[in-house]
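Residue numbers (the numbering used here), protein chains in the order written: chain S, 1 to 112; chain D, 113 to 230.
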């Protein structure tokens, strides 16, 4: 599985866009980029995933560079409830017993 | 979205006793469930993968005789911490994946169980 590198922590002002970078320079062709987040003392929550095209859903947008070596998760209008640890994971499609391996993630703090 | 519950949410037990944690998929059938452990200020560490009706697959370094996993039905998996010790105090989280061999992109996580061993 491709290793990912994320900043340890980031701050963002409430109402502004939060842009969370992730480096996955060793990603292979069949590996997707997944983003999960974990609010303090809760289980992780799926946010979005992508292979090579940019993706958007009701929670966030995912921008993947053309060479697929890095990506950015965008929360367009961050709220205080978006304060969490955000995990970027690069792995093959999840099926059967394929397991999800978490790194250290980015601690995002949204400030009022 | 799909809902996964865990019970209990919080448990305190004495050293040497056993504790059972339940993980249920409430509105879907989970062919595969995963158990994670998370120590304070650390990331989630996968402990084991369990498939319904078969033995769990444990990650390296996880004692299978200490952490007993049973996935007896498509909606329930249990983790029993046997002869618990203070170093087993942690946040235990399960996740579930629906589908029969489909390629899916989401795992659904439970809210976690905080275990404190005194």
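Virtual Cβ for every residue (Gly too), placed ideally from N, Cα, C.
Asked: Within the same chain, show all residues whose beta-carbon is closer than 7 Å to that of residue 118/D, passing over the 5 residues directly before and after it, in chain order.; Found: 133, 134, 135, 206, 222, 223, 224 and 225
Asked: Can you tell me which of the three DSSP states residue 98/S falls into?; Found: coil
Asked: Is the beta carbon of residue 17/S closer than 8 Å to that of residue 64/S?; Found: no
Asked: With distances taken from CA atoms, which of 154/D, 146/D, 124/D and 191/D is nearest residue 101/D?; Found: Look at the range of chain D in this structure, 113 to 230, and you will see that residue 101/D is not part of it.
Asked: As a quick exercise: from 218/D, 204/D and 210/D, pick the residue whose alpha carbon is nearest that of residue 121/D.; Found: 204/D
Asked: In chain order, what residues of the same chain have a beta carbon less than 7 Å from the beta carbon of residue 105/S, not counting five sequence neighbours either side?; Found: 6, 85, 86 and 87
Asked: With 16 as the cutoff for other CB atoms within 10 Å, does residue 44/S come out buried or exposed?; Found: buried
Asked: According to DSSP, is residue 156/D helix, strand or coil?; Found: coil
Asked: At the level of alpha carbons, what is the spacing between residue 20/S and residue 72/S?; Found: 5 Å
Asked: Please identify the residue among 11/S, 111/S and 50/S whose C-alpha is closest to the C-alpha of residue 92/S.; Found: 50/S
Asked: In chain S, which residues lie less than 8 Å from residue 188/D when you measure between Cβ atoms?; Found: The premise fails here: residue 188/D is roughly 17 Å from chain S at the closest Cβ pair, so nothing lies under 8 Å.
Asked: Would you mind reading off the limits of the beta strand (DSSP E) that contains residue 118/D?; Found: 116-119
Asked: What's the C-alpha gap between residue 145/D and residue 220/D?; Found: 9 Å
Asked: Here's the rule I'm using: 16 or more other beta-carbon atoms within 10 Å means buried, otherwise exposed. How should residue 138/D be labelled?; Found: exposed
Asked: Taking C-beta pairs closer than 9 Å, name the residues in chain D that residue 112/S reaches, listed in chain order.; Found: Here the premise fails: no neighbours, minimum Cβ distance about 24 Å.
Asked: What residues in its chain sit with their C-beta under 7 Å from that of residue 213/D, if we drop five residues either side in the sequence?; Found: Per-residue confidence for residue 213/D stands at a pLDDT of 45, beneath the threshold of 50, marking its modelled position as unreliable; the derived number appears in the next sentence. Contacts found: none.
Asked: Specify, as a first and last residue, the run of the beta strand (DSSP E) that residue 180/D falls within.; Found: 179-185
Asked: How many whole angstroms separate the CB atoms of residue 147/D and residue 180/D, which I take to be in contact at a CB cut-off of 8 Å?; Found: The Cβ separation is near 11 Å, so there is no contact.
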